[in-house]
Amino acid sequence: MKQWLADRGVHYLFLLFSAVLGVAVAVVSVWADGAQGADKRQWALIAGVSAFGVVLITHFEKRLVERGKKRAEDRAIRAEAGMAQLYTTTLRPLSEKIKALAESYADAAPLPSSLPSQTVSDLDDLRKDVLDEVLAGAVDLTAPPLGPSFLPRARCSFYLYDAATGGFTLEASYPGYRPPRNVIDPVGAAHMKNEILGGGGKTFRIDGDQVTRSYLIPAGTGYEAVIAVPVIHGTREIGVLSVDAPRFADFIDPHVTLMEALARILAASYALK
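With full-length UniProt numbering as the guide, the letters of the sequence shown map in order to residues 1 to 273.
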């Protein structure tokens, strides 16, 4: 904030100096109009110096703007590199270990076929807490809100897969005021099954380059980019986790790693079911 105020202060100071010198050029031109001889040369010199000052200030301000852009680009590059390192070296291996631990626990000590209703309800509530955190985290970490409204720009959804029907039904979405379709149509469901969930699962991304559209995002929704990842526990195909953003540029490569890690955490919560 202090840096922003300092930058704006310098900008307005240069603007003031430029305006003063510009007015000086105009005034001197009027005064010099009736002058002759040495006086005319003196006024001309003053006008020339004032005009040169305007050009010089414009040049300095342009340099400051260019330096500011360069600093912003450098910060963005460092932030993306740090994000990639964090997701790749910390979040990815951690999510893999959590998923493996949950699967091992579920295989070694499976829940009995009959559980008290309160236990089932408690487990469902805890699983929902995990899902809510996954959805909100994906939105906040991919396309964060911008001013002045600071409303979420991205949207994250989780669709459960029904192996009996081959359909996908919306389990939850965030934010709640822009929900996606509750049920995916048969063509879209086939796309999600074949392109994302089937064959052991693979990540699907609409990046505006290799892929430009998908049944996951119908036209007119206000979103154009998507990262969709499979949620799988062992051989059980649980569903698809997807995050949508308004622009292709909102997503960078580390966001793919993030979504894959969140999908593993979500799969771990469904392993204990």
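In this text, a Cβ means the ideal position worked out from N, Cα and C, and glycines have one as well.
CA-CA distance, E260 to S114, rounds to 33 Å. If you ignore the 5 residues before and after A143, its C-beta comes within less than 6 Å of the C-beta of R153, A154, A245 and D250, all in its own chain and listed in chain order. Counting of Cβ neighbours within 10 angstroms places P186 among the exposed residues, the total staying below 16. Scanning its chain for C-beta atoms nearer than 6 Å, with the 5 sequence neighbours on each side dropped, one finds around V139 the residues P152, A154, C156 and Y174, in chain order. Within the same chain, K202, T203, F204, A228, V229, P230 and V240 come within 8 Å of I196 by CB-CB distance, once the 5 residues on both sides are set aside. At a cut-off of 3 residues, the continuous stretches assigned as beta strand (DSSP E) that sit fully inside the stretch 129-210 are 155-162, 167-174 and 204-206. Annotated three-state conformation of S242 is strand, per DSSP. Collapsing the DSSP output to three states places R247 in coil. For A225, DSSP records a beta bridge to A245. Per the coordinates, the alpha-carbon of D162 lies some 20 Å from the alpha-carbon of V120. Distance check between P180 and each of E133, I265 and Y159 places Y159 closest, using alpha-carbon atoms only. Around the beta carbon of Y270, 16 or more other beta carbons lie within 10 angstroms, which makes this residue buried. Each of G198, H233, I252 and E133 was checked against the Cα of K99, and the nearest Cα belongs to H233.
For P254, the enclosing alpha helix (DSSP H) has its first and last residue at D253 to A271. For the pair A172 and A106, the Cα-to-Cα distance works out to about 24 Å.
Counting the other CB atoms within 10 Å of its CB gives S95 a total of 16 or more, which places it among the buried residues.
Each residue's CA atom was taken as its position, placing L170 and Q118 some 25 Å apart. The C-alpha of L266 lies about 13 Å from the C-alpha of L91. For the pair A136 and P116, the Cα-to-Cα distance works out to about 31 Å. Here A102 is actually not in contact with A263; their C-beta atoms are around 13 Å apart, not less than 8 Å. As the crow flies, the alpha-carbon of E224 is around 21 Å from that of S149.
Excluding residues up to 5 positions away in sequence, L151, P152 and R153 lie with their Cβ nearer than 8 Å to the Cβ of P145 in the same chain.
A straight-line Cα-Cα distance of about 10 Å links G208 and V226. Contact between K193 and G166 holds: their C-beta atoms lie close to 6 Å from each other, under 8 Å.
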